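Please read the structure below before turning to the comments.
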Amino acid sequence: MAGTKASSGKLFAGLAERMKADKKFELAVYAVLLMLGVLIFAFSSCDGLNLGGGAGNASSGGAASEDEVEQRLEDILSSIEGAGAVRVMIVRAQDGSITGAIVTAEGAASIAVCEKLRNAVRVVLGIDIGQVEVYQMETNHGEDS
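Next comes the structure, spelled out in structure tokens:
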């Protein structure tokens, strides 16, 4: 066990020395670490509140429960920093399984906010990130109500 720690220490010490000596190598190491971070972020399978569920949620709830899920999702998404007002539409197949979601948010012009919203919807509904679309909400709400 002590030999493994010593060899790891030598490996990292050698890597650190090479990074100090060669700036191109240092940039390459940072680029690889950044790509690994992005991959981990993109393929993470965090499980959170499953408000909407997948195929098994089609039963007796009806439209009222769908509206409730959308409302709860809107409430939580609007609490994300920078999101502002949020509207959500959950798209379902005929069997009741969730096939996607559309989100409009005042703060969706920010890439960071957009990604936070997409990931939150993905986790809550248990769908792939490619099934979630986020759009900038129109600031002129020409609503009659």
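So for the sequence shown, our numbering puts the first residue at 29; every next one is plus one.
From the three backbone atoms N, C-alpha and C, an ideal C-beta is built for every residue, glycine too.
Please read these numbers as outputs of a predicted model, since none were measured by experiment.
Sequence-distant residues of its chain with Cβ nearer than 6 Å to residue i (five each side left out)
i: Arg-46; result: Phe-53
i: Arg-160; result: First, the amino acid is wrong: residue 160 is Val here, not Arg. For Val-160, where only same-chain residues beyond five positions count, the Cβ hits under 6 Å are Ala-129, Arg-146, Val-149 and Arg-150.
Inter-residue CB distance, residue i and residue j (contact presumed, cutoff 8 Å)
i: Arg-115; j: Glu-102; result: 6 Å
i: Gly-158; j: Ala-133; result: Not confirmed; about 18 Å, so no contact.
i: Leu-162; j: Cys-142; result: Note on residue identity: the sequence assigns Val, not Leu, to residue 162. The Cβ separation is near 5 Å, so the contact holds.
DSSP-derived helix/strand/coil call for residue i
i: Ala-113; result: coil
i: Leu-77; result: Note on Leu-77: pLDDT 40, under 50, position unreliable in the model; no value is reported.
i: Gly-42; result: helix
i: Gly-65; result: helix
i: Gly-128; result: strand
i: Ala-121; result: coil
i: Glu-94; result: helix
Proximity winner among the options, relative to residue i (alpha-carbon distances)
i: Ser-125; options: Tyr-58, Glu-94 and Gln-164; result: Glu-94
i: Gln-99; options: Gln-164, Val-141, Ala-41 and Val-152; result: Val-152
i: Leu-105; options: Lys-144, Asp-123 and Met-63; result: Lys-144
i: Glu-109; options: Met-117, Ala-121 and Ile-139; result: Ile-139
Separation of residue j from residue i, as counted between CA atoms
i: Gly-37; j: Ala-44; result: 10 Å
i: Val-57; j: Ala-136; result: 32 Å
i: Gly-65; j: Ala-59; result: 10 Å
i: Met-165; j: Leu-62; result: 31 Å
i: Asp-123; j: Ile-155; result: 16 Å
i: Ser-107; j: Asn-168; result: 21 Å
i: Phe-40; j: Ala-49; result: 14 Å
Cβ neighbours of residue i in the same chain (closer than 7 Å, five flanking residues each side left out)
i: Ala-121; result: Thr-127
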